[in-house]
Each structure stands twice: as structure tokens, then as C-alpha cells.
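For any residue, its number in the numbering used here is found by taking its place in the sequence shown, counting from 1, and adding 1. Idealized CB from N, CA, C, for every residue including glycine. What follows is one structure encoded as C-alpha cells, with my remarks underneath.
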Amino acid sequence: MCRLYIVRMIQLIEKSPSDLKDWLVEMWAGYRTDLLDAGTTPEDADRNVERNREVLFNGDEPVEGQYFFDVLSDGTIVGSLWLADKKNPEAKDWYIYDIVVNEGFRGQGLGRLTMEAGEEFVKSHGALRMGLNVFGPNAVARALYESMNYQVMAVSMFKDFS
Numbered sequence: 002m003c004r005l006y007i008v009r010m011i012q013l014i015e016k017s018p019s020d021l022k023d024w025l026v027e028m029w030a031g032y033r034t035d036l037l038d039a040g041t042t043p044e045d046a047d048r049n050v051e052r053n054r055e056v057l058f059n060g061d062e063p064v065e066g067q068y069f070f071d072v073l074s075d076g077t078i079v080g081s082l083w084l085a086d087k088k089n090p091e092a093k094d095w096y097i098y099d100i101v102v103n104e105g106f107r108g109q110g111l112g113r114l115t116m117e118a119g120e121e122f123v124k125s126h127g128a129l130r131m132g133l134n135v136f137g138p139n140a141v142a143r144a145l146y147e148s149m150n151y152q153v154m155a156v157s158m159f160k161d162f163s
């Protein structure tokens, strides 16, 4: 069953199982690259990816409570969004595991609209909070989240001596 969520000019359409499988290959590779860019060693990046796969998937199947969307603007796929219910009944926390606006569509406000659409989706499912992680080098995303009143929970820093 395909569900559709629309906020202004953005549509969130659930990915088909075959599209999800292809997308996950690219997403995990991109996540590993983000870890490396943030200063993680290749070995630690590989362990991190595997640990997340084991927690978030049963084999190739996502655990319950995860939602994978194509983000459309004017009928064109402009990005993707991965949301998950953290299954915390008291806090009703949700999490953004991945949000991407494809390169050719950046700088047009689509990231903000995608975030707003994601917020509407989780609120319609009873969420009281939504969290996310953003890597330090991603200044554009950090600025967007701060402008949308996301609060910093922790800051992790390192100094490279190599």
C-alpha cells in the first residue's frame, strides 16, 4: 500500500521494496563516507555501518516502525527521507536516520520542506519529539536544523595529530 504525504510542494511517497533495496546500497556507502569525512577510521566506519544494519534490519528487512520515502517536487524525485519510530511509548520519540536532497536540487529550500513534511508525518503518528544526527562538517544541514529549532544534545570533537 503506497501512502502519500504532502506539505506545500513536497510529496513523500513510500519507496517500493525493490527501490528500497537499491537505495540502501547507496545510502550505506554514503553513510560510511560521511563517517570517514568526520574523522572515523575505515575500520571503525565499517563496524559502525554493520552495527546499525544489525540493529535496524532483520537480514534485508527493516525492523518495524521505519519509513523510507522518495521526496518528490512537481512529480520529480528530488531526494529521500528515512524516518523511524524509536518505540519509546513515554517520550514518543522519532528519529531521522537519513535526509538527502539530490545535488541538482539543493539550495531551493527543498531540505526545509522535506523536514516539514517529515515532521507532519511523525506528528500524525503521535510523535512528541524528533531527533537526528548531523556530522560536524555538514555546516549547511546544521544551519538548517538550528533554524528549525532543533536543539543540540551533545557535541563530540576530536583533534587529528596525523
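If you count every other CB in all the chains shown that lies within 10 Å of the CB of residue i, and 16 or more means buried, which is it?
{"i": "residue 88", "result": "exposed"}
{"i": "residue 159", "result": "exposed"}
{"i": "residue 99", "result": "buried"}
{"i": "residue 36", "result": "buried"}
Can you list, in chain order, the residues of its chain whose CB lies under 6 Å from that of residue i, leaving out five sequence neighbours each side?
{"i": "residue 68", "result": "84"}
{"i": "residue 78", "result": "71"}
{"i": "residue 152", "result": "none"}
Could you give the first and the last residue of the continuous beta strand (DSSP E) run that contains residue i?
{"i": "residue 74", "result": "67-74"}
{"i": "residue 55", "result": "Unbroken run through residue 55 is the alpha helix (DSSP H), 43-57; no beta strand (DSSP E)."}
{"i": "residue 81", "result": "77-86"}
{"i": "residue 176", "result": "The chain is shown only over 2 to 163; residue 176 falls outside these bounds and no answer can be derived."}
{"i": "residue 101", "result": "94-102"}
{"i": "residue 15", "result": "11-15"}
Between which two residues does the alpha helix (DSSP H) carrying residue i extend?
{"i": "residue 146", "result": "140-148"}
{"i": "residue 28", "result": "18-38"}
{"i": "residue 113", "result": "111-125"}
Is residue i near residue j, with beta carbons less than 9 Å apart?
{"i": "residue 116", "j": "residue 149", "result": "yes"}
{"i": "residue 106", "j": "residue 39", "result": "no"}
{"i": "residue 80", "j": "residue 102", "result": "yes"}
{"i": "residue 119", "j": "residue 82", "result": "yes"}
- Message: Could you check whether the stretch 102-122 touches the stretch 10-20, counting it as contact only if at least three pairs of C-beta atoms, one from each stretch, sit closer than 8 Å?
- Response: yes
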